[in-house]
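Report on the structure given below.
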Amino acid sequence: MPRRESGVTPNTAGNWFHWKYLPMVIGGIALIVRLVFFFQLRATPFFEHLFSDSLLYSSISRDLLAYGVHYPRSFFMSPLYPITLALMDVVSGNAVIWIRLLQIVMTSVAVSVFVVWGKEVFGDATGIVAGLLLAFYEPSIFYDNMILLESFQTSFVVFHLWTLHRALVSRHRTWFLASGLSAGVLIVNRASIAIYLLMLIAYLWFGIRSGRWPWRKIALLLLPVVIIVTPFIAWNTAKEKTFVGITTSAGFNLYAGNHKGSSGLYSMPEGIDIARDPNGVLFLSRLTGKPMSSAEASSYWMDKSLEWIMTNPAEAVSLFIRKLGLFWNAVEIDQLGLSIDFFRQEFDTILRFPLVGFGGIAVVGLAGLILAIRKKKLPAIILIFLVGYVLSIVLFFVSGRLRLPVAPVLILLAAYAVVNVFTFIASKSWKELAFLVLSVVFGAVPMYAFSMVPEPDLSHEYSRLGQAYFDEGLYAKAEKAYRKALDRREKFRYHMNLGNTLAAQGKYSEALEAYDRAREMDAESPELYFNMGNLALQMGRPRDAARMWITAMRKDSLFALPYRNLGTLYLRAGKKEEAVKYFRRYIRFEKDLLLRKAMEREIETLTGSQN
């Protein structure tokens, strides 16, 4: 007869009767804590103003709403999250609010499920402690309120591992189907988790060969994955006219963490503007002198990264080890310029209270992992997920938010270790207690003592704050934020954005000084000349404005905005034919599908009036 997963204690109806409300209570605590931060976040400029990946997801969702089934592109980013954003916008009319509330509710439900799963794996006390740790886990509270997919991914990790645990214990087909559905959702929400799924399939295959599980039940788990994944692969393949996976970003993301001079964090060439060119297609088109598709760009980045790895194997291995160290470091590594440390310092929120952080759950969780292995109580699926997920990150690049989906597993193991501390004390098992304490100490020393990440100067965060104030028309506050960014670090973009803010306030001479300082740092930036042209127009110098915009085009012929502004200038001068010519060029290079559609309507109006 097939054996059960080691370390798993099936639940009983009698135990559940006395215990059934506690998971919901702990889930309710998680809900309240996250709602508190939700309302505190609403009082900051960052609630409505999106940046980096959040802005990209929002942009894709807007395009999906505009084009529907006629959406003309492949999916550069994992498709589930922007599709959900679009659906939330249709249902609620304000996805920025309701996607956050959906994430908060999903996490609260996941916390309740997590308590049940912890009870079934390691017992009642472990389930309760694990649920409370996750309820007060600081990165979860923070990212549940951000427009990012990691909150979704973390909830679905809990649902998947719980249903998989139930499936392998009960062998009931419903649980296999449920686990397969959640696995399919995981992969279309972040494609790199396929590494874990391949490891899981290998484990299940050996279980089939040994007679542990019937192959029909495992097929029930894999079938939903295939059904969910296939349409997105087919869509991308059709759009790119070559075989493509769930996203076209694999090569880009691999290169971001694997190239000469890479630190293991996200790093791309300076000339790539993520807002306008998220996959580096425009950058490569300028570099190679020929237009590129997303699939071709991904292949280019992939080839460059693999070439570096193959020709520098020792450096690649060293970098891989460094990325492992970065992943397990206690520091919460920021990638987006919107860090927990900045929120804690700048805004009066719940993040100022002592909460559970990654370093603590990682140190104690790894000690719990060792203890569970020694006591032969570790379910294999936990170890497979832990190894598979870590690989899915460190093979690319490391960021703090990417560690969020592994937190439930580490928290479960940490809770197991904490409960056993009291068990060992009660039973006077001093050797066991000493071993556990030493495991924590030896784990804590490298994780806390040897920080591999430089102390953040928060300059990026102040720049984001300046942009948020600028978008709201609060130019004095924007100027103050940009000056704070420059006090911490001098960067070309900070000077340029300060110039934009000064120009918006009518401080033209100061704006020119800021632009001149930016030009000293980068005289080739087309965006700088575009902004200088805007300033010239504000100052009543249309010829100088046109000259600056033409310079921007010469610096980057694929930069769309100068064509639009020059066309508008010609239109104001009554030269409709010249205006239409530049508007059409603008459409060729504008990546925002909605802006392109709006300009197409403008051209139709102009050409209609000419006829």
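Each residue of the sequence shown is one higher than the last, beginning at 367 in this note's numbering. For each residue, glycine too, the CB sits at the ideal point set by N, CA and C.
Our two residues, glycine 655 and phenylalanine 649, have alpha carbons roughly 10 Å apart in a direct line.
Look at valine 610 here: in three-state DSSP terms it is coil, with no helix or strand label. Annotation: the continuous alpha helix (DSSP H) that includes leucine 563 extends over 560-575. Here the C-alpha atom of aspartate 707 lies approximately 15 Å from the C-alpha atom of serine 829.
Burial check for proline 438: the Cβ neighbour count within 10 Å stays below 16, so the residue is exposed.
Residue nearest to leucine 878 within the set Arg859, Phe858, Leu901 and Glu856 is Leu901 (criterion: CA-CA distance).
Look at leucine 631 here: in three-state DSSP terms it is strand.
Remark: C-beta atoms of leucine 802 and phenylalanine 790 approach each other more closely than 8 Å. Taking 3 residues as the minimum length, the segment 829-887 contains no beta strand (DSSP E) run wholly inside it.
A check of alpha carbon separations from alanine 780 across Tyr848, Tyr509, Leu500 and Gly839 identifies Leu500 as the nearest. Shown here for tyrosine 881: same chain residues with a beta carbon closer than 6 Å to its own, the five before and five after excluded, namely Gly865 and Met898 in chain order. Restricting attention to beta strand (DSSP E) runs no shorter than 3 residues, the segment 461-498 encloses none. Among the bridge pairs identified by DSSP, valine 722 is matched with Tyr503. Judged by beta-carbon spacing, alanine 496 lies within the 8 Å limit of valine 481, meaning their Cβ atoms are closer than that value. Beyond the five residues adjoining it in sequence on each side, phenylalanine 404 comes within less than 8 Å, by CB distance, of Arg466, Leu467, Ile470 and Asn511 in the same chain, given in chain order. Contact check for aspartate 455 against leucine 431 passes: the beta carbons are separated by less than 8 Å. The alpha-carbon of phenylalanine 417 is positioned some 25 Å away from that of methionine 919. In the three-state reduction of the DSSP assignment, valine 764 falls in the strand class, which pools E and B. If you ignore the 5 residues before and after asparagine 931, its C-beta comes within less than 6 Å of the C-beta of Trp915, all in its own chain and listed in chain order. If one requires a minimum length of 4 residues, the alpha helix (DSSP H) runs lying completely within the segment 667-703 are 679-693, in chain order. Listed in chain order, the non-local C-beta contacts of alanine 851 below 7 Å within the same chain comprise Ser825, Tyr828, Ser829, Gly832 and Tyr860, local neighbours out to five positions each way being set aside. Under the three-state reduction of DSSP output, leucine 514 falls in the coil class, being neither helix nor strand.
Here methionine 914 carries a helix assignment [DSSP, helix/strand/coil]. The way I'd put it, the segment 441-461 does touch the segment 546-556; three or more beta-carbon pairs between them come closer than 8 Å. Take valine 402, set aside five residues on each side of it, and the residues of its chain with a beta-carbon closer than 7 Å to its own are Ile716, in chain order. Between tyrosine 782 and alanine 738, the beta carbon gap of about 6 Å places them in contact (Cβ cut-off 8 Å). Apart from sequence neighbours up to five positions away, the residues of its chain that approach glutamine 871 with a beta-carbon distance below 8 Å are Tyr841, Ala842 and Glu845, ordered along the chain. With 16 or more other Cβ atoms inside 10 Å of its own Cβ, glycine 809 counts as buried.
Inclusion of phenylalanine 518 and methionine 472 in the CB contact set at 8 Å is warranted, their separation being smaller than that value. Taking the C-beta atoms as reference points, glycine 546 is found nearer than 8 Å to leucine 586.
If you look at arginine 930, you'll find it in the alpha helix (DSSP H) that goes 927-938. Isoleucine 584 and tryptophan 571 have their C-alpha atoms some 8 Å from each other.
Per DSSP, the continuous alpha helix (DSSP H) segment holding methionine 390 begins and ends at 388-408.
The Cβ neighbour count for glutamate 662, taken over all protein chains shown within 10 Å, is at least 16; the residue is labelled buried.
With distances taken between CA atoms, arginine 578 lies nearest to Val535 out of Val610, Val535 and Ala600. At the C-beta level, glycine 646 and isoleucine 638 come within 8 Å of one another.
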